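Protein chains in written order, with the working numbering: chain L, 1 to 347; chain A, 348 to 628.
Heads up, the beta-carbon is just placed ideally off N, CA and C, and yes, glycines get one too.
Computed from a prediction, not measured in an experiment: that's the story for all the values here.
Accompanying notes for the structure given below.
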Amino acid sequence: MAVKYASILWNRQKRRYDLAMLALIVLFLAVFVGLQLVLHPNITPDSLIIRSTASLAFTMLHIILIIGPLSRLDVRFLPLLYNRRHLGVTMFLVSFVHGLFSMNLFHNFGDTNMLVSVFVSNPNYASISQYPFQTLGFLALLILFLMAATSHDFWLKNLSPRIWKALHMLVYVAYGLIVMHVVLGVLQQETSPVLAGAVGAGLLLVVGTHLAAAITENRREEVHSATAENFVKVCKVEDIAEDCAKVVIIRSENIAIFKYDGKISAINNVCKHQNGPLGEGKIIDGCVTCPWHGYQYEPHNGSSPPPFTEKVTTYSTKVEDGYVYVNPEPFPEGTAVEPAIIPVQNV
Amino acid sequence: MQTKDEFYVGYQPKAPKKYGRFLTWFVVLTALVLLSLASVLVWEQSDYANGTFELGKLSEVEGVLRVRPVPMLKVPLGKDINGNTLYQTVLLIDFGKKGAEEAIQKMEAEHGDLMGKVVRLEGTLIYHDGKSLLELTKSEGAFISAKRDPNMRLNQFKELGFQRLQGEIADPKCYFGVMKPGEGKPHRSCAARCISGGIPPVLKTINGGTVEYYLVLGANGQAINQEVLPVVGEQIQLEGQVEEQDEWKILKVDQPLKIERISGSLLPNAPMCTPQLGWKE
Ligand code: HEM
Ligand code: FES
């Protein structure tokens, strides 16, 4: 297993990613804090920390959430997706500072335990405008903590990708909680329509990019007429670029059909690592390479080259009259399938 | 369709040029968005009250101590042009979210009855809008000395009669300077903690642009902190007898307690800049 973690190394690209992230964070904080001190010199240090970290963390969460759909819309965003976990862990740390200072300031040094106070000091759970919004922030922080704590691939392995993925889908729950935390909290006091508008615009951005990505992906799901032997006609041979794939969804099988070395092979489109789209990857050194974090699979048997053990399902293919066909009936994960040979005149 | 050399995998040390240029633009654009966003967020928020909490600075204050119903210190500030002594009555509270009763009981246990004596205390000053408070930062350790001075006495309360008042209940400690914002929805839980911890609740009313503050007590001068807890930070109406001692008004709420919630925010956040007698603000 040690080999596996070592395969993702600290490299120049990652350092530049982190540097850019830090520079942007510093920029945001400098403008926010500087302007506060100029426009609102009365602000207390506590409020300055609480508000600047809250605004920064909430902004970062938007960026984290839109990177996924953006890179599905345009592959040039992919480098942002890779290493996104650094963004996530940093975002957690920033919101942790906000949560801690809020709890300390508003709930500590009283007649009730600080954590208990978060939940009981405002009992108006039945009201909307008076709702104890801090509790929503607290739950969101808990989710962010779980995600940050399990962000390493060690946990991906040990929790199994399905559970890990489910856990990390909770980020959408956290986002919803934080939106409500802001709407029922600070927006009840700061009534500027511009601030409410900014929260709304953020929500639109997140929902909009996800919808756009989903719509683009759905376009691929063309209906294909089944022919004899269950083979489904997919496209012309020349519609697939060399070392690239065509993705089709047939009877809910998500299939990536690769063309390489005068051959056609089909494997499942979903990467075992974090469900990355293998069909958007390429064949590098003879292996299908996931665009997200670079996991590799051999095209003819859907297995990662040794010592790795990841396996995806495979499908049989054929080429007839210059057309590519695939049988959507999956073989068990890692089953070797003879690639279809492209007749010379079609290469 | 992409060609082989344009494909980028995260573990490769260097992204292809096409990615690099694109991402540089993306980072520049993000920087501009963040710059504007941070500015707009700060620009659009309302200003903070100009209360002061002299955090980290201990001051010694001497005056006549009132232990009941609410601990206060009546401090001579100087003389007016007619030679009359001017006073500022300073509300006392403990460190954290706690009233000063317990600290004063402990002082009395050690130094005898203090009601009406001239007492010297050390603490952190909080002042805003003509009102002053002293946080006994070291609790009972705030006591420095006590003496009797027949020339300095507590005033009698002035009766102002029955009044029906609308406003918001705040905790004076945070409201007058420790926290900003020290009122309204986000601050509500904190105010509840403070009032639950014995800091006397204050009703803030706004009448035609004039802000008034009333310490809220029961009809017999007893604390009703727990009773008002559920409506802290909300717009409410209270009625009862109003008394005045120097610049603090006290509302002795009629029993049984009648609290009416007022829907909506009737009371705008009026600017508060009525300079009155007080520590330099
Ligand atoms: C223990 C958890 C949390 C507590 C007790 C808490 C408490 C608070 C409080 C009291 C405020 C109002 C502060 C003010 O008036 O300025 C606030 C605002 C806010 N919170 Fe939280 N929060 C928590 C977690 C979070 C998390 C995880 C986020 C994620 C980004 C977040 C984002 C925000 C934002 C964006 C605002 C509005 C900006 C502001 O007023 O500071 N909070 N929170
Ligand atoms: S999803 Fe991470 S490598 Fe495929």
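Original post:
Counting only beta-carbon atoms, is Asp681 (chain A) nearer than 8 angstroms to chain L?
Top reply: An answer regarding residue 681 (chain A) cannot be provided, because it is not within the stretch 348 to 628 covered by chain A.
Subject >> Simplified DSSP assignment, three categories, for Cys290 (chain L) >> reply: Indexing the first sequence from 1 puts residue 290 (chain L) at position 290. In this structure, Cys290 (chain L) counts as coil in the three-state DSSP scheme.
Original post:
Candidates L:Val232, L:Arg251, L:Asn268 and L:Asn230: which alpha carbon is nearest Ala245 (chain L)'s?
Top reply: Position 245 of the first sequence holds residue 245 (chain L). Per the Cα distances, L:Asn268.
**OP:** Using a Cβ-Cβ cut-off of 8 angstroms, state whether Glu222 (chain L) counts as contacting chain A.
**Re:** Counted from its first residue, the first sequence places residue 222 (chain L) at position 222. Unreliable positioning characterises Glu222 (chain L) in this predicted model, as indicated by a pLDDT of 49, which lies under 50. A coordinate reading is not provided.
Original post:
Interface residues of chain L around Thr484 (chain A) at Cβ under 8 angstroms?
Top reply: Position 137 of the second sequence, counted from the first residue, corresponds to residue 484 (chain A). Within chain L, no residue comes near Thr484 (chain A); the closest Cβ sits about 12 angstroms away, beyond 8 angstroms.
Subject >> Close beta carbons around Ala340 (chain L), own chain, < 6 angstroms, minus the five adjacent residues each side >> reply: Taking the first residue of the first sequence as position 1, residue 340 (chain L) is located at position 340. So the list reads Ile264, Thr317, Lys318 and Val319, once near-sequence residues are dropped.
Original post:
Secondary structure at Glu586 (chain A), three-state DSSP: helix, strand or coil?
Top reply: Walking along the second sequence from the start, residue 586 (chain A) turns up at place 239. Three-state DSSP puts Glu586 (chain A) in a strand.
Subject >> Under 8 angstroms between C-beta atoms of Cys290 (chain L) and Gly302 (chain L) >> reply: Taking the first residue of the first sequence as 1, we reach residue 290 (chain L) at position 290. Taking the first residue of the first sequence as 1, we reach residue 302 (chain L) at position 302. Cβ distance not < 8 angstroms, so Cys290 (chain L) and Gly302 (chain L) don't count as in contact.
**OP:** Identify, in the order they occur along the chain, each residue of the same chain with its Cβ nearer than 6 angstroms to the Cβ of Ala539 (chain A), setting aside the five sequence neighbours on each side.
**Re:** Translated into positions along the second sequence, residue 539 (chain A) becomes position 192. Correct list, in chain order: Leu576 and Val579.
Subject >> Members of the segment 556-590 of chain A near chain L, C-beta cut-off 9 angstroms >> reply: Leu576, Pro577, Val579, Gly580 and Glu581
Original post:
Quick one: what does DSSP say Ala226 (chain L) is sitting in, helix, strand or coil?
Top reply: Within the first sequence, the letter at position 226 stands for residue 226 (chain L). Summary for Ala226 (chain L): the model assigns pLDDT 47, below 50, so the residue's position carries little reliability, and this model does not support an answer.
Subject >> For Arg500 (chain A), three-class secondary structure by DSSP >> reply: By 1-based counting over the second sequence, the position of residue 500 (chain A) is 153. Correct three-state label for Arg500 (chain A): coil.
**OP:** Can you pull the chain A residues whose beta carbon is under 8 angstroms from the beta carbon of Leu115 (chain L), in chain order?
**Re:** Taking the first sequence and counting its residues from 1, the one referred to as residue 115 (chain L) is at position 115. By Cβ distance, chain A contributes nothing, its closest Cβ being about 12 angstroms from Leu115 (chain L), past 8 angstroms.
Original post:
DSSP state of Lys485 (chain A), grouped into three classes?
Top reply: On the second sequence, residue 485 (chain A) is found 138 positions in, with the first residue counted as 1. Of the three classes helix, strand and coil, the one that applies to Lys485 (chain A) here is coil, per DSSP.
Original post:
Using the rule of at least 16 other Cβ atoms within 10 Å of the residue's Cβ for burial, across every protein chain shown, is Asn254 (chain L) buried or exposed?
Top reply: For this step, residue 254 (chain L) is matched to residue 254 along the first sequence. Looking at its Cβ environment, which holds 16 or more other Cβ atoms inside 10 Å, Asn254 (chain L) is buried.
Original post:
Going by DSSP, which residues form a beta bridge with Thr317 (chain L)?
Top reply: Translated into positions along the first sequence, residue 317 (chain L) becomes position 317. In the DSSP output, where bridge partners are listed per residue, Thr317 (chain L) has L:Val326.
**OP:** Kindly say whether Thr377 (chain A), judged by its beta-carbon, lies nearer than 8 angstroms to any beta-carbon of chain L.
**Re:** Locating residue 377 (chain A) in the second sequence gives position 30, where the first residue counts as 1. Yes - at least one Cβ of chain L is within 8 angstroms of the one on Thr377 (chain A).
Original post:
Does at least one heavy atom of the ligand FES sit under 7 angstroms from the Cβ of Tyr323 (chain L)?
Top reply: Position 323 of the first sequence, counted from the first residue, corresponds to residue 323 (chain L). Tyr323 (chain L) Cβ: outside cutoff for every heavy atom of the ligand FES.
**OP:** Compute the Euclidean distance between the alpha carbons of Phe106 (chain L) and Asp518 (chain A), then round it to the nearest angstrom.
**Re:** Along the first sequence, one-based indexing puts residue 106 (chain L) at 106. Along the second sequence, one-based indexing puts residue 518 (chain A) at 171. Distance between the alpha carbons of Phe106 (chain L) and Asp518 (chain A) is about 12 angstroms.
**OP:** Report the rounded CA-to-CA distance for Tyr175 (chain L) versus Leu144 (chain L), giving the unit in angstroms.
**Re:** The sequence position of residue 175 (chain L) within the first sequence is 175, counting from 1. The sequence position of residue 144 (chain L) within the first sequence is 144, counting from 1. Cα to Cα, Tyr175 (chain L) sits roughly 10 angstroms from Leu144 (chain L).
**OP:** For chain L, find out if any of its Cβ atoms is closer than 8 angstroms to the Cβ of Leu384 (chain A); answer yes or no.
**Re:** Start at 1 with the first residue of the second sequence, and residue 384 (chain A) comes out as number 37. So, interface residue.
**OP:** Consider the Cβ of Gly459 (chain A): report whether some Cβ of chain L lies at a distance smaller than 8 angstroms.
**Re:** As a first step, residue 459 (chain A) must be located in the second sequence, where it is residue number 112. So no, Gly459 (chain A) is outside the interface.
Original post:
Does any residue of chain L bring its CB to less than 8 angstroms from the CB of Pro533 (chain A)?
Top reply: By one-based count along the second sequence, residue 533 (chain A) stands at place 186. At least one chain L Cβ lies under 8 angstroms of Pro533 (chain A).
Original post:
From Val375 (chain A) to Gly367 (chain A), what does the alpha carbon distance come to, in whole angstroms?
Top reply: By one-based count along the second sequence, residue 375 (chain A) stands at place 28. By one-based count along the second sequence, residue 367 (chain A) stands at place 20. One C-alpha to the other measures close to 12 angstroms.
Original post:
Would Leu19 (chain L) count as contacting chain A if we go by Cβ distances under 8 angstroms?
Top reply: Residue mapping note: residue 19 (chain L) aligns to position 19 of the first sequence, counting from 1. False, the Cβ-Cβ gap to chain A never drops below 8 angstroms.
**OP:** Output, in chain order, the set of chain A residues within a Cβ distance shorter than 8 angstroms of Arg76 (chain L).
**Re:** On the first sequence, residue 76 (chain L) is found 76 positions in, with the first residue counted as 1. Within 8 angstroms Cβ-Cβ: Lys365, Tyr366, Phe369 and Leu370.
Original post:
In its own chain, which residues sit with a C-beta less than 8 angstroms from the C-beta of Lys527 (chain A), not counting the 5 before and 5 after it?
Top reply: Within the second sequence, residue 527 (chain A) is the residue found at index 180, counting from 1. Answer for Lys527 (chain A): Tyr395, Ala396 and Gly398, listed in chain order.
Original post:
What does Ala539 (chain A) reach in chain L if we use C-beta pairs closer than 7 angstroms?
Top reply: Position 192 of the second sequence, counted from the first residue, corresponds to residue 539 (chain A). Those are Ser121 and Asn122, listed as they occur along chain L.
Subject >> Own chain residues within Cβ distance below 8 angstroms of Thr216 (chain L), not counting five before or after >> reply: Within the first sequence, the letter at position 216 stands for residue 216 (chain L). Result list for Thr216 (chain L): Arg72 and Leu73, in chain order.
Original post:
Are Leu203 (chain L) and Leu136 (chain L) close, meaning C-beta to C-beta below 8 angstroms?
Top reply: Within the first sequence, numbered from 1, the residue matching residue 203 (chain L) stands at position 203. Within the first sequence, numbered from 1, the residue matching residue 136 (chain L) stands at position 136. Going by C-beta atoms, Leu203 (chain L) is not nearer than 8 angstroms to Leu136 (chain L).
Original post:
Can the beta-carbon of Val437 (chain A) be found closer than 8 angstroms to that of Leu420 (chain A)?
Top reply: Indexing the second sequence from 1 puts residue 437 (chain A) at position 90. Indexing the second sequence from 1 puts residue 420 (chain A) at position 73. Yes.
Subject >> Interfacial residues, the segment 160-186 of chain L to chain A, with Cβ spacing under 9 angstroms >> reply: Leu184, Gly185 and Val186
Original post:
Is there contact here, the segment 12-20 of chain L with the segment 79-97 of chain L, by at least three beta-carbon pairs under 8 angstroms?
Top reply: yes
Original post:
By the 10 Å Cβ neighbour count, where 16 or more other Cβ atoms means buried, how is Val232 (chain L) classified, buried or exposed?
Top reply: As a first step, residue 232 (chain L) must be located in the first sequence, where it is residue number 232. It is buried - the Cβ of Val232 (chain L) has at least 16 other Cβ atoms within 10 Å.
Original post:
When the cut-off is 8 angstroms and only beta carbons count, does Gly110 (chain L) lie next to chain A?
Top reply: Looking up residue 110 (chain L) in the first sequence gives position 110. For Gly110 (chain L), the answer is yes, since a Cβ of chain A falls inside 8 angstroms of its Cβ.
Subject >> Where Pro277 (chain L) falls: helix, strand or coil (DSSP) >> reply: Locating residue 277 (chain L) in the first sequence gives position 277, where the first residue counts as 1. If DSSP states are grouped into helix, strand and coil, Pro277 (chain L) belongs with the strands.
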